[in-house]
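Trainee:
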Amino acid sequence: MRAALVAEYRKLVTTRMWWVLLLACAAYLGFIGVVLGFSFVFAPEQEGGATLHGMDAATAIYSLTNGIGYVFPLVIGSLAMTTEFRHQTITQSLLVEPRRGVFLGAKLLATVPVGLLYGLVATAAVVAGSAPLLAGWGDGAFLSDGEVLEVLALSVVVIAGWAVVGVAFGSVVPNQVAAIVVILAFTQLVEPIARIALGAFDSVDQVAKFLPGAAADGVVGASFFSSYGGGAGDLLPRWAALLVLLGYAGVLALVGRYTTLRRDVG
Numbered sequence: 000m001r002a003a004l005v006a007e008y009r010k011l012v013t014t015r016m017w018w019v020l021l022l023a024c025a026a027y028l029g030f031i032g033v034v035l036g037f038s039f040v041f042a043p044e045q046e047g048g049a050t051l052h053g054m055d056a057a058t059a060i061y062s063l064t065n066g067i068g069y070v071f072p073l074v075i076g077s078l079a080m081t082t083e084f085r086h087q088t089i090t091q092s093l094l095v096e097p098r099r100g101v102f103l104g105a106k107l108l109a110t111v112p113v114g115l116l117y118g119l120v121a122t123a124a125v126v127a128g129s130a131p132l133l134a135g136w137g138d139g140a141f142l143s144d145g146e147v148l149e150v151l152a153l154s155v156v157v158i159a160g161w162a163v164v165g166v167a168f169g170s171v172v173p174n175q176v177a178a179i180v181v182i183l184a185f186t187q188l189v190e191p192i193a194r195i196a197l198g199a200f201d202s203v204d205q206v207a208k209f210l211p212g213a214a215a216d217g218v219v220g221a222s223f224f225s226s227y228g229g230g231a232g233d234l235l236p237r238w239a240a241l242l243v244l245l246g247y248a249g250v251l252a253l254v255g256r257y258t259t260l261r262r263d264v265g
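Number 68 in numbering that gives the first Met the number 0 belongs to position 69 of the sequence shown; there are no gaps in the numbering.
#1: Can you tell me the Cβ-Cβ gap for Gly66 and Ser222, rounded? I've got them flagged as a contact below 8 Å.
#2: Do you know offhand how far Leu242's Cα is from Met16's?
#3: Shortest alpha-carbon distance to Gly114 belongs to which of Leu28, Tyr69 and Val150?
#4: Give me the Cα-Cα distance between Val155 and Tyr61, rounded to the nearest whole angstrom.
#5: By Cβ distance, which residues of its chain are closer than 6 Å to Phe102, with the 5 residues on each side in sequence left out?
#6: Measure the C-alpha to C-alpha separation of Gly217 and Arg237 and round it to an integer number of angstroms.
#7: Using three-state DSSP, classify Pro97 as helix, strand or coil.
#8: Check Asp55 in the structure and name its three-state DSSP category.
#9: In whole angstroms, give me the CA-to-CA distance for Arg99 and Phe185.
#10: Need the endpoints of the alpha helix (DSSP H) that Lys10 sits in, please.
#11: Among residues of its own chain, excluding the 5 on either side of Ile182, which ones have a beta-carbon nearer than 8 Å to its beta-carbon?
#12: Quick check: the Cα distance between His86 and Ala130, rounded to an integer number of angstroms?
#13: Helix, strand or coil, according to DSSP, for Val147 in the structure here?
Here it is in structure tokens:
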């Protein structure tokens with residue numbers, strides 16, 4: 000297993016794509032941090048108190064590391080698997096490690112350190128973009144507050160988890176173009192709309208908590224989508240959210256193992 004793990008890690012980090020996506024992730028989240036920080040600080044007060052203040056504003060922005068940034072680790076995780084099929088290296092990989100369960104397990108674990116790096120960079124970018132505005136013109140950046148630090152730390156961990164989910168998804172959808180299209184459509188369109196739509200009706204609002212992004216927000220303990228703030232009142236408890244997120248990764252990995260990786264390759 001150790002040899003397979005080292006091999007899969009080297010495959011991932013010896014390509015240019017991982018650091019190109021990392022730079023894009025940093026630039027995108029830094030920009031979003033600036034935009035939201037500016038809008039929260041300088042937006043006119045809205046009737047009914049819809050504008051966020053204080054720690055609610057800080058956690059709402061910082062939680063966007065997961066809220067919108069999870070597309071990047073999902074893509075890099077899926078590429079770790081789909082590239083094997085696109086470039087037809089899957090045959091050689093399975094000749095070196097014929098135990099397909101070990102091969103998939105090594106893929107999943109090899110993305111963890113890269114996912115942690117993505118989490119660190121993404122979180123730092125959001126903070127760097129928004130904290131100066133919150134501290135200088137708002138109610139504070141709250142970077143010494145224990146609850147905020149917990150949100151930031153768990154955001155890093157959750158982003159690493161998304162990289163693992165990406166590998167599992169890539170094992171189910173090995174076509175690289177199809178996998179990326181589905182990831183982009185789901186993360187940027189389908190799930191955000193579904194969370195808002197389901198949350199608007201009392202009869203189905205509980206379903207929204209079990210969507211992948213909502214479960215990850217539950218692990219973080221804050222969400223931009225929940226009550227337009229960073230509160231966790233509309234999220235699953237952290238332990239339950241973690242089980243749901245791990246469940247998505249586990250189910251996808253099992254499906255991939257016994258469908259895509261069960262077939263003959265050549």
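Every residue, glycine too, gets a C-beta built ideally from N, C-alpha and C.
Mentor: In terms of the structure at hand:
#1: 7 Å
#2: Distance between the alpha carbons of Leu242 and Met16 is about 30 Å.
#3: Tyr69
#4: Here the C-alpha atom of Val155 lies approximately 11 Å from the C-alpha atom of Tyr61.
#5: Glu96
#6: 5 Å
#7: coil
#8: helix
#9: 28 Å
#10: Counting along the chain, the unbroken alpha helix (DSSP H) around Lys10 starts and ends at Arg1 to Val12.
#11: Val70, Leu73, Val74, Ser77, Gly165 and Phe168
#12: Roughly 43 Å separates the two Cα atoms.
#13: Assignment of Val147 by DSSP, reduced to helix, strand and coil, places it in the helix class.
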